[in-house]
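Everything in the sequence shown is counted per full-length UniProt numbering, starting at 1 for the first residue and increasing by one. A short worksheet on the structure shown next.
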Amino acid sequence: MSRARQHTAKAGGVDSAKAAEGSAREQAHDAPAEPTLRAMQAALAAEHAAVYGYGVVGGRIEDQRLPEAREGLTAHRARRDALERDVRALKGEPVSSAAAYALPFPVPDAAAAARLAGEIEARLCSVYADLVRAAEGGARREAAAALREAAVRAVRWRGSSVTFPGLTERTAGGAPSTAASDLADAL
């Protein structure tokens, strides 16, 4: 092999190795952070359930609270859509919504509808607390904002608050809540 070819082959080998190393580093950096993606998918599933639940709330709530129900529905649709984009940005496939959800209790009247809205928001607090814990940077800030908004809506619907929204049902071991699956299962 000529010196020129040896040099080219050697340089090519080094360049290829460097390129492969750089590519592996990029893939590791670009690979979805599993805890963040899981928590984001759980929040997305909960938002799907919340959108469904607010449809029920809107059908039963008294007229003077209908604007509040519409605002909640609009907020949850926006969060759902943003989470779908965020999941895709992490190279995940967004979870789909169910065709229907079982409600946690019968909703025959306006009082039950308000109770359902409060329950939806309280459960969302738990889901977003998990996402705050799992995410970093902008995703963490968005999750914290969603947690705050859900806590405020929960207080408005329930008329009372808890000390640490989203954290009250934590186990002593600090395990993530099952609120996302509970919300999706219950709605």
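Glycine included, C-beta positions come from ideal geometry on N, C-alpha and C.
Is S96 helix, strand or coil when you go by DSSP?
coil
Determine the contact status of A129 and A154, defining contact as a CB-CB distance below 7 Å.
No; because the gap between Cβ atoms is not below 7 Å, this pair is not in contact.
Exposed unless 16 or more other CB atoms sit within 10 angstroms - verdict on A100:
exposed
Pop quiz: A69 and G58 are said to be a contact at Cβ under 8 Å. What is the actual Cβ separation, rounded to whole angstroms?
5 Å between Cβ atoms; contact.
Does the Cβ-Cβ distance between V132 and A143 come in under 7 Å?
yes
Looking only at its own chain, which residues have a Cβ that is under 7 Å from the Cβ of G77, when we skip the five neighbours before and after it?
Checking the sequence, you will find Arg at residue 77 rather than Gly. Take R77, set aside five residues on each side of it, and the residues of its chain with a beta-carbon closer than 7 Å to its own are V51, in chain order.
Is the beta carbon of L124 closer than 7 Å to that of L37?
no
Is R85 buried or exposed, if buried means 16 or more other CB atoms sit within 10 Å of its CB?
Classification for R85: exposed.
Can you give me the C-alpha to C-alpha distance between G137 and S97, rounded to a whole angstrom?
27 Å
Would you mind stating whether R60 and A113 have Cβ atoms separated by less than 7 Å?
yes
Residue burial classification, L66 (beta-carbon count within 10 angstroms, cutoff 16)
exposed
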